[in-house]
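Asks: Counting from 1 along the sequence shown, just add 1 to a position and that's the residue number in the working numbering.
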Amino acid sequence: MSGTDSKDVEYSTVSEVSGPLMVVEGVKGASYGEVVKVRSPEGNIRLGQVLEAHMDKAVIQVFEGTKGIDTDTTSVRFTGETMKIPVSPEMMGRVFSGTGKPIDDGPPIIPEERRDINGEPINPTAREYPREFIQTGISTIDGMNTLVRGQKLPIFSASGLPHNDLAAQIARQAKVLGKEEDFAVIFCAMGITSEEANFFKRSFEQSGALERAVLFLN
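#1: Please give the ranges of any beta strand (DSSP E) in the segment 131-198, keeping only runs that are unbroken, at least 3 residues long and fully inside the region.
#2: Where does the unbroken beta strand (DSSP E) through D117 begin, and where does it stop?
#3: Comparing the CB of T126 with every heavy atom of the ligand ATP, is any distance shorter than 6 Å?
#4: For M92, count the other beta carbons within 10 Å of its own beta carbon; 16 or more makes it buried, fewer makes it exposed. Which is it?
#5: Verify whether the separation of the beta carbon atoms of A168 and V186 is less than 7 Å.
#6: What would DSSP say about S76, mapped onto helix, strand or coil?
#7: Suppose you measure from the CA of R203 to the CA of E196; what does that come to, to the nearest Å?
#8: Label A59 either buried or exposed according to how many other C-beta atoms from any shown protein chain fall within 10 Å of its C-beta, with 16 as the threshold for buried.
#9: Any idea what DSSP makes of R213, helix, strand or coil?
#10: Check the DSSP bridge columns for E26 and list the partner residues they point to.
Okay, structure coming up:
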């Protein structure tokens, strides 16, 4: 392909497919994190993202998997954009996939704007000092690993431990004292099974916590 960059250029130069990854050769100007659209031999479009770009090669992760994709009839189009999702107050109480698509049988979100999931770099010296304590109702967290509003809380554990129960309990019970009307929980679960996804949805729905939460289940 000719040109100085990869934007809106469709390549039929897939050289390798392995697991969720594929390699495209002869690419010009591909960028890390760039969103791509993969056209399968059947004509279906799958989203992917550039994980690595070196010289004229790009390594792409296909979000919906590479089943049915080959090196002969698959094509890839580079969009020149990073991943963005629509944002709106209508997202409250809804459940989405990892790419921001509704998976709760509800209507599509009419966005007020679309925001880059990567966000902007934060200058730590200019950041507003965090002061709003988040009460989780779990004494070891509230007393020894206190959370503040706006903070991300990753939870890691070994196999067999009740990490799902703990994560759901924190999300259900979390609150900022005196400011519940404008407090929301963004709950993200990555690499979970369908059984685990159903557990989280039931947990939020039955407790009523879903009304002030947005769930992303991948």
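Glycine included, each C-beta is placed from N, C-alpha and C at the ideal position.
Computed from a predicted model, the values in this text were never measured in an experiment.
Replies: On the basis of the coordinates in this document:
#1: 134-136, 186-190
#2: 114-117
#3: With respect to small molecules bound, the structure shown includes none, and the ligand ATP cannot be examined in it.
#4: buried
#5: no
#6: strand
#7: 11 Å
#8: buried
#9: helix
#10: K58
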